[in-house]
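Student:
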Amino acid sequence: MTVRFAEKELKELIQEASQGEKYPLAKLISELERPDSFEFRKVLFKELENSGFNGDNSVTIGFTGTPGAGKSSLLGEISTNFLQTIPDKKMAVVAIDPSSHISGGSLLGDRTRLSLPVREKRIFFRSQPSQLELGGLNPYTYHVIRLLRCFFDFIFVETVGIGQNEIEVSKLADFSFLVMVPLGGDQVQFMKSGIMEVPDAFILNKCDEENLARASYHTLSTTLEFLRDIVPGGSIPPIFLTSVKTKKGIQELLDFVLKSKPHTKRSVETKVQIEKWIKTEYGNFGLSFSEKLGTITQKNYEEWESFFNSEIRKRLL
């Protein structure tokens, strides 16, 4: 691939994106989402590093859950409260929508559930089709988040509606929520490992009817108490009751999010992503070389990708 931007143009796009201009940022993201974006990524992230944008202090928040749990509407309310009450911070939302198994197309319907001010520079919204990727994320979500971390204080990632064992977002986010609905399951459902391993916190959304909400809260909380001894650290995740209709619990949830801190080391998430890339490109044969993975950071991700391309192809040719 040839890099599609001259050095001066790329610097201008980065500078404008850092000032909250949406079109330059969308243009950079569109390039990152191209299947042949490798060379562009190398140039882009090197330029970001040279310009002092590292994203180390940005917090990534994951929202996952079953279809219809109200993730998009909930994020819309959080965004509104964020803009009204937090004047000195910026946030971005990356929303993943399901792709068609027949046409490959995507409705990108999350856009219809978030009513955000178009000219507000403190918020940015981006839809992505899942491209039939398992785990609730898009193949390029990781690189888009790497970019957004350079410009925004909080990155919210809403996964496509998932089942019980797709936990990829929890490996990418600094803090992850599992969004559920009242009467969404009994104690056996709540005890399943896929459900328990995803979240740092639970959200019971659509709590419009108090009695139903309290019944589900009691079921979930007693299940978590039962599992306390096997949960790492012995502490159970918090549970939030929210309702977009009545505005219940929205501000409390936002206040909790604002207290979240970024992971001090993101090498784990980077290793997970590069192993996923290796398996996609080279299957289990490629993963047999993964023991060579040393300390990987966002800054040297492309160098590792280039290394594995070279090493594996030597053995295939």
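Heads up: the sequence shown runs through residues 155 to 471, numbered per this note's numbering.
Beta carbons are placed, not taken as given, at the ideal position from N, Cα and C, and that holds for glycine.
(1) Output the boundary residues of the beta strand (DSSP E) element that contains Ala246.
(2) I'd like the list of long-range same chain contacts for Ala171, defined as Cβ closer than 7 Å, with 5 residues on each side in sequence excluded.
(3) Which residues in the same chain have their Cβ closer than 7 Å to the Cβ of His297, if we skip the five residues on either side of it in sequence?
(4) Beta strand (DSSP E) containing Val311: first to last residue?
(5) Is Thr424 buried or exposed, if buried means 16 or more other CB atoms sit within 10 Å of its CB?
(6) If Glu459 sits next to Phe199, beta carbons under 8 Å apart, how far is it from one beta carbon to the other, in whole angstroms?
(7) Any idea if Gln427 is buried or exposed, counting beta-carbon neighbours within 10 angstroms, 16 or more meaning buried?
(8) Just verifying my parser: in three-state terms, what is the DSSP assignment at Lys360?
(9) Over what stretch of residues does the alpha helix (DSSP H) that includes Ser324 continue unbroken?
(10) Quick one: what's got a C-beta closer than 8 Å to Gly440's C-beta in the same chain, skipping five residues either side?
(11) In whole angstroms, give me the CA-to-CA distance for Gly217 and Val411.
(12) For Gln318, name the three-state secondary structure that DSSP assigns.
(13) With respect to the beta strand (DSSP E) encompassing Arg280, which residues constitute its N-terminal and C-terminal limits?
(14) If Lys243 sits next to Phe308, beta carbons under 8 Å apart, how far is it from one beta carbon to the other, in whole angstroms?
(15) So, do the segment 233-249 and the segment 265-284 have three or more beta carbon pairs nearer to each other than 8 Å?
(16) Tell me which residue opens and which closes the alpha helix (DSSP H) that Thr396 is part of.
(17) Determine, using beta carbons only, whether Leu374 and Phe394 come nearer to each other than 7 Å.
(18) Please identify the residue among Asn365, Val422 and Lys360 whose C-alpha is closest to the C-alpha of Lys399.
(19) Looking at C-alpha atoms only, which residue of Leu358, Leu366, Ser284 and Ser212 is the closest neighbour of Ala223?
(20) Could you tell me the distance, in whole angstroms, from the CA atom of Gln452 to the CA atom of Glu364?
(21) In whole angstroms, what separates the C-alpha of Val213 from that of Leu366?
(22) Provide the residue span of the alpha helix (DSSP H) that contains Ile215, from first to last.
(23) Can you grab the Cα-Cα spacing for the pair Glu457 / Val197, in whole Å?
(24) Roughly how many angstroms separate the alpha carbons of Gly392 and Met245, rounded to a whole number?
(25) I need the DSSP call for Val272, collapsed to helix, strand or coil.
(26) DSSP puts Ser226 in a beta bridge; with which residues?
(27) Going by the CB atoms, is the gap between Val311 and Val323 shorter than 7 Å?
(28) With DSSP collapsed to three states, give me the class of Ala367.
(29) Tell me which residues share the same chain as His417 and place their Cβ nearer than 8 Å to its Cβ, disregarding the 5 neighbours each side in the sequence.
Tutor: Looking at the coordinates:
(1) Here the beta strand (DSSP E) through Ala246 covers Met245 to Asp251.
(2) Hits under 7 Å: Pro178, Leu179, Leu182 and Phe305.
(3) These residues qualify, in order along the chain: Leu186 and Arg195.
(4) Where Val311 is concerned, the enclosing beta strand (DSSP E) starts and stops at Phe308 to Glu312.
(5) By the 16-neighbour rule on beta-carbons within 10 angstroms, Thr424 is buried.
(6) Their Cβ separation, rounded to whole angstroms, is 12 Å, which puts Glu459 and Phe199 out of contact at 8 Å.
(7) Gln427 should be labelled buried.
(8) Correct three-state label for Lys360: coil.
(9) Residues Glu322 to Leu326.
(10) Answer for Gly440: Ile432, Lys433, Phe462 and Ile466, listed in chain order.
(11) Here residue 217 turns out to be Phe, not Gly, going by the sequence shown. Computed Cα separation, rounded: 12 Å.
(12) Below a pLDDT of 50, predicted positions are generally treated as unreliable, and Gln318, at 49, falls in that range; the measurement from the model is reported next regardless. Per DSSP, reduced to three states, the secondary structure at Gln318 is coil, with no helix or strand assignment.
(13) Its beta strand (DSSP E) spans residues Ile277 to Pro283.
(14) That pair is a contact at about 7 Å.
(15) The count of Cβ pairs closer than 8 Å, one atom from the segment 233-249 and one from the segment 265-284, reaches three, so the stretches are in contact.
(16) Thr396 -> no alpha helix (DSSP H), and no H or E assigned at all.
(17) No, the pair does not count as a contact, with Cβ atoms beyond the cut-off.
(18) Measuring C-alpha to C-alpha distances from Lys399 to each of Asn365, Val422 and Lys360 identifies Lys360 as the nearest.
(19) Nearest of Leu358, Leu366, Ser284 and Ser212 to Ala223, Cα basis: Leu358.
(20) Computed Cα separation, rounded: 45 Å.
(21) Cα to Cα, the separation comes out at about 33 Å.
(22) Ile215 -> not in any alpha helix (DSSP H); beta strand (DSSP E) instead, spanning Val213 to Gly219.
(23) Going from the Cα of Glu457 to the Cα of Val197 covers about 12 Å.
(24) Going by the sequence as given, residue 392 is Pro instead of Gly. Computed Cα separation, rounded: 23 Å.
(25) The three-state reading of DSSP puts Val272 in coil, since its state is none of H, G, I, E or B.
(26) As far as DSSP is concerned, Ser226 takes part in no beta bridge.
(27) Between Val323 and Val311, the gap from beta carbon to beta carbon is short of 7 Å.
(28) Helix at Ala367.
(29) Taking C-beta separations shorter than 8 Å and ignoring five residues to either side along the sequence, the partners of His417 in its chain run Asp328 and Glu423, following chain order.
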